[in-house]
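To start, the structure itself, in structure tokens.
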Amino acid sequence: MTDAPEDLDEKAALHDLLLRVDVPFMSQHLLKVDYSDVKKLIYPAPPYRTFLIDKKNGSPRVIQEPFEEIKELQIKILVFLERNANAPKPCVHGFTKGRSILSNARKHCSPNTRFLLNIDLENFFPSITFYRVRGLFKKAPFSLSYEVATVWAHICTKDGKLPQGAPTSPFIANLICRRLDADLMDVARRHQSTYTRYADDITFSFSVRDASRLPTNICSHDGGVVRLGNELISTIVHHGFNINETKTRISNHLRRLEITGLTINEFPNVKRNFVDKIRGALHAWDRHGYKAAQANWEEHIRAHRTAEFDQKRWHRQRRTPDIPPLANVLFGRLLYLKMVRGAEDTIYSRLADKFNVLYGRDLGVGPVLPVKKIVRGESDAELATFVVSWTGQYQDEFCGAEGTAFALGAADRLVTCEHVFRVQIEGGGQADFNSEHVQEKELKVHNPLRNTWHTARVVAFDLDRDVALLEITQDVPDIPHFVARDSKTKRNEPGSLIGYPNWHRGKPLNQTPASVSNQYMRGGLRRIEVSELIRQGNSGGPFVDELFRVAGVAQMGATQTQGNNECLEVDELVAWMAAIAPK
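Positions in the sequence shown are counted from 1; adding 439 to them yields my numbering.
Structure below.
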């Protein structure tokens, strides 16, 4: 005979209650250890190993790592906390699933962001005491009894403080900060600013145009001196934390806006010298071989170790003074670059591809960085750009059209102009556009470089944007694809206009240097004017920047008396493609 559902619910509720109020029951059923053994581990003090790593400024950071027996108990407690805790507040990005330094930076990355205030909480983990942890466990949503909360607090703290190095510490710290986060979000809301926190790093961003308009309750900035407002200071102190004044700084959009190591002036990005160091190391490896590059790397670190300011900087995250292999360092830095800039970023793709080639050449089988097949240069552009043409009968008249299409985001997904498929009657006339006629028609797209033909069909189009999306339905080519630029173009910025104007057999792809002449709105959509003539047949081709990222779609040519050499800005294309994507 089985228990009724209501009986099972009552048993589950009783089991959960006993876990929260009865120490021996909790120990046996949640920690899976007899309480007598738990007492031996946590009294008089739980066992930890302590070591130091260097911060960026050279000062030591104390790391306290629990022994394996304590760590196993902490992990079981962490699972319970995660299952029962309230959802994290939207301002919290450190040690939170699905969030990172990148999501933290994106919250402040806006054309309206003009000032950025960064604050560091002093001695963040040690500021959270045994008593605060026990009080947290006693309150909802955990609602542990005094006795169970006391045992858990002993398991999760060392010497009466939250240790930096225990698996439970980051999650508990975020829970302790919930009221602080709520109050600082309220401060930010009342003063038209944005607030986020990544562990002990607090950031406010402001859209005011002048430093004199910064909300003085949060901060003021005059002559290079940053003064924090009384409301901000009192709120932080009220919640049991102190501000590290040496790490308080404010920056404006005229210089570098930086948050948790990323710049956000245009989009979340690494610093330029971070990429330069990777590129330089790969160049040395390629030119001189791995052994010579590794020797030079070790010599460089040893030289820096003698400098007072930069002592031990290169191995600050390692427990031993051993110099890490150059290949391992580059592998980690490239993964970090991928996380920040994305797998389809051309800079990451080029560097990762070079790393994979060099590793295979000199070190054999090893770690392989994921690299997507994206357009990174002129030869790739030739593979990813097509001639699209069609002919047929429309109302007893011969008709046809021709233009350029390019692979965007995938090898089988082509973008071109909608007007390429408008019915052109022989002799120069134009019939009414018949969307059903075009969408039902089987098309052919041609890649002149490979001399291949592929069957395609129009899957969507937009008359206002003058864009159409094609899908290659047979013989999908194994080619790279273009990626869209993720930042705005600037006037006079150089690039290339790519396409097949007035194409005929044997004629290669045109890749014409051009620059951004102007930017404007027309028909409620953002447009780019380029410095070179957009000729017949170039319609639908990409205008790319120097990294071959798509900045616009060529659409309209100019004459001396009318029109502009106009491209639709890629943001408008990307937004449309996202809107029509299947849910």
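Beta carbons: idealized from backbone N, C-alpha and C, even for Gly.
Query, Result
"Drop a sphere of 10 angstroms on the beta-carbon of Met1023, count the other beta-carbons inside from all chains shown, and report buried for 16 or more, exposed for fewer.", "Nothing can be reported for residue 1023, as the shown portion of the chain is limited to 440 through 1022."
"Reducing DSSP to helix, strand and coil, say where His547 ends up.", "coil"
"Closer than 6 Å by C-beta to Ala997: which residues in its own chain qualify, once you throw out the five before and the five after it? Chain order, please.", "Asn1003, Asn1004"
"Once DSSP output is grouped into helix, strand and coil, what is the label at Tyr637?", "strand"
"Looking at the structure shown, is Ile967 part of a helix, part of a strand, or coil, going by DSSP?", "strand"
"Report all residues from its chain with a CB closer than 7 Å to the CB of Leu614; omit the five preceding and five following residues, and keep chain order.", "Ala524, Leu575"
"Between the Cα of Arg1028 and those of Leu964, Lys946, Ala1014, spot the shortest distance and give me the residue it belongs to.", "The displayed coordinates of the chain run from 440 to 1022. Any statement about residue 1028 would go beyond what the structure contains."
"Of the choices Asn691, Lys710, Pro764, Glu586, whose alpha-carbon is the least far from that of Thr699?", "Lys710"
"Give the straight-line distance between the Cα atoms of Gln869 and Tyr959, rounded to the nearest whole angstrom.", "With a pLDDT of only 47 at Gln869, under 50, the local geometry of the prediction cannot be trusted, and the value read off the model is given with reservation. Near 29 Å, if we compare the C-alpha coordinates of Tyr959 and Gln869."
"Would you tell me roughly how many angstroms separate the C-alpha atoms of Asp819 and Ala907, rounded to the nearest one?", "22 Å"
"Within the region 596-646, note down every full alpha helix (DSSP H) run reaching 4 residues or more, in order along the chain.", "608-615, 617-629"
"Could you tell me whether the region 605-623 touches the region 676-696, where touching means 3 or more Cβ pairs closer than 8 Å?", "yes"
"Less than 7 Å between C-beta atoms, sequence neighbours within five positions excluded: which residues of the same chain meet that for Glu1011?", "Arg904, Leu964, Arg965"
"Would you check if the distance between the CB atom of Ala827 and the CB atom of Gly842 is smaller than 8 Å?", "Sequence inspection shows Val at residue 827; the Ala mentioned does not correspond to that position. Yes."
"When you compare the region 977-987 with the region 769-783, are there three or more beta-carbon pairs, one atom per stretch, that lie closer than 8 Å?", "no"
"Roughly how many whole angstroms lie between the Cα atoms of Leu456 and Arg573?", "18 Å"
"Label Thr635 either buried or exposed according to how many other C-beta atoms from any shown protein chain fall within 10 Å of its C-beta, with 16 as the threshold for buried.", "buried"
"Taking Glu985 as the reference, which of Ala953, Pro763, Thr1000, Asn957 has the closest Cα?", "Ala953"
"Can you tell which of Val531, Thr552, Ile1019 has its C-alpha closest to the C-alpha of Pro707?", "Thr552"
"Taking only the alpha-carbon atoms, compute the straight-line gap between Val1009 and Thr633 and give it to the nearest angstrom.", "28 Å"
"Are the CB atoms of Leu512 and Phe610 nearer to each other than 8 Å?", "no"
"On the DSSP letters alone, give me the boundaries of the alpha helix (DSSP H) that Ile786 sits inside.", "785-801"
"Report the rounded CA-to-CA distance for Pro809 versus Ile540, giving the unit in angstroms.", "21 Å"
"Cβ of Ala612 within 8 Å of Cβ of Leu601?", "yes"
"For the beta strand (DSSP E) containing Thr891, list its first residue and its last residue.", "891-901"
"With a cut-off of 8 Å on the beta carbons, I'd call Leu765 and Ala720 a contact; round off their distance for me.", "7 Å"
"Count the other C-beta atoms from every protein chain shown that fall within 10 angstroms of the C-beta of Gln913, then say buried if there are 16 or more, exposed otherwise.", "exposed"
"With distances taken Cα to Cα, identify the nearest neighbour of Phe860 among Ala850, Val884, Ala849, Lys929.", "Val884"
"Do you know how far the Cα of Tyr637 is from the Cα of Ser788?", "28 Å"
"Tyr939 to Thr535, Cα distance in whole Å?", "49 Å"
"So, with DSSP's three-state summary, where would you put Tyr487?", "strand"
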